[in-house]
Amino acid sequence: MSEPASLSQELVYGCMTHIPLWFDFPSFVTPLYMGDAQNEGSVNLRDHAPEWVPHHPILGSLAGLFALKNYVQLHHPTAKHVGVCQYRKFISNSEIGVSAANYQVMNVVSRQEVSTLPLAELMLPAPGADFLLGKPCTFGTPPKRMGYLEQYNSVHPIEDLLRFTALAVELGVLTRKEVMFFLNQTAFLPGGIELGVYPAAFWIESVSAIEKVIRACVVRHPRKRPGYQARAWAFCSERLGSYMLLRYFKTQTPQVRWTKEYTGRMVLVNADESTTYVGGV
-15 MSEPASLSQE
-5 LVYGCMTHIP
5 LWFDFPSFVT
15 PLYMGDAQNE
25 GSVNLRDHAP
35 EWVPHHPILG
45 SLAGLFALKN
55 YVQLHHPTAK
65 HVGVCQYRKF
75 ISNSEIGVSA
85 ANYQVMNVVS
95 RQEVSTLPLA
105 ELMLPAPGAD
115 FLLGKPCTFG
125 TPPKRMGYLE
135 QYNSVHPIED
145 LLRFTALAVE
155 LGVLTRKEVM
165 FFLNQTAFLP
175 GGIELGVYPA
185 AFWIESVSAI
195 EKVIRACVVR
205 HPRKRPGYQA
215 RAWAFCSERL
225 GSYMLLRYFK
235 TQTPQVRWTK
245 EYTGRMVLVN
255 ADESTTYVGG
265 V
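Have a look at this one:
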């Protein structure tokens, strides 16, 4: 499939990476380099969001998201859509690979296999669609469902999400009336607004709001947690991004059947033939 002639004007698609890319993405995807992978002549975190460079170790690809937002506003102010992927994770509009053994809404493909796939077709929304999102999931086992707060507490220190939520309210990103809806929300879109394709105006507004909260978090609560829990604010922002999407769809008139029209499948690329989800290198 050849790319539409207007694609470069309508869609800006960024790929967050802190290492050299494993495989060739479609030509409409622009790598955004972080950490040691930054290089002259490329789109880099240090050039487009220098204030977030010191925080990259605790934010991961979220720091790159803020740089992508600035890049879009500076170089592509008339873009209609923004796409986001990571060096080994993207949203596909079709089923590819196999279902991950340890992650119900993720598919896994090998690094070798992904190089043979028509990614230029798979990574775009359906014709006329404004979004391409991963399949939503729920927390807990039926009939017991867990909201964001309960689920967060099962895998992360609960006080981090509480602090994050309090600052979101203080900064006007969430209203007081929304707090319980947010913390008790059971539907979850993995990746939030950090994987997939979105209308540019919605995405920029949402990323800007999340950035405002994260900035307050790193100032008010600078202590870094050890190991996996170091990326606490990124875990929190994924949940807020998910909530923002759900809130947006609820306000649309007429109601769009977004779970049918906009969702595909989150895909993880593994270095080998493994079918389990393993964190990045």
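Read left to right, the sequence shown gives residues -15 to 265 (the numbering used here). All C-beta atoms in this analysis are idealised placements derived from N, C-alpha and C, irrespective of residue type, glycine included.
Inter-residue spacing [alpha-carbon to alpha-carbon] between residue i and residue j
| i | j | result |
| --- | --- | --- |
| S(-10) | F12 | With a pLDDT of only 47 at S(-10), under 50, the local geometry of the prediction cannot be trusted, and the value read off the model is given with reservation. Cα-Cα distance, rounded: 11 Å. |
| A47 | Y17 | 10 Å |
| I3 | P15 | 10 Å |
| A255 | D31 | 30 Å |
| I177 | G225 | 5 Å |
| M130 | F123 | 5 Å |
| E222 | E24 | 30 Å |
| V153 | T159 | 6 Å |
| M92 | M164 | This sequence places Val at residue 92; Met is not what is there. For V92 and M164, the distance between alpha carbons rounds to 34 Å. |
| P(-12) | E97 | The predicted position of P(-12) is uncertain, since its pLDDT is 45 and thus under 50; no value can be drawn from it. |
| T149 | T100 | 43 Å |
| T1 | S45 | 7 Å |
| V68 | P127 | 34 Å |
| T235 | M228 | 11 Å |
| R72 | V253 | 5 Å |
| K119 | L167 | 20 Å |
| L58 | A33 | 12 Å |
| L146 | L29 | 29 Å |
| V66 | E189 | 12 Å |
Simplified DSSP assignment, three categories, for residue i
| i | result |
| --- | --- |
| S99 | coil |
| S258 | coil |
| I75 | strand |
| L(-5) | strand |
| S1 | In the sequence as presented, Ser is not what sits at residue 1; that position holds Thr. T1: strand per DSSP, three-state reduction. |
| G211 | helix |
| V181 | strand |
| V240 | coil |
| F172 | strand |
Residue i: first and last residue of the uninterrupted beta strand (DSSP E) it sits in
| i | result |
| --- | --- |
| G67 | H65 to Q70 |
| N91 | M90 to S94 |
Continuous alpha helix (DSSP H) stretch holding residue i: start and end
| i | result |
| --- | --- |
| T235 | A216 to T235 |
Min CB distance residue i to chain D below 8 Å
| i | result |
| --- | --- |
| P34 | Absence of chain D from the displayed structure is noted, only one protein chain being present. |
Cβ separation of residue i and residue j, assumed to be a contact under 8 Å, to the nearest whole Å
| i | j | result |
| --- | --- | --- |
| L230 | Q169 | 7 Å |
| V56 | A184 | 7 Å |
| L52 | R215 | That pair is no contact at about 18 Å. |
(message) What ranges does the alpha helix (DSSP H) occupy inside the region 16 to 59, keeping only unbroken runs of at least 4 residues that lie completely in it?
(response) 29 to 32, 40 to 43 and 45 to 59
(request) May I have a chain-ordered list of the beta strand (DSSP E) segments no shorter than 3 residues that lie completely inside the region 84 to 170? (result) 90 to 94
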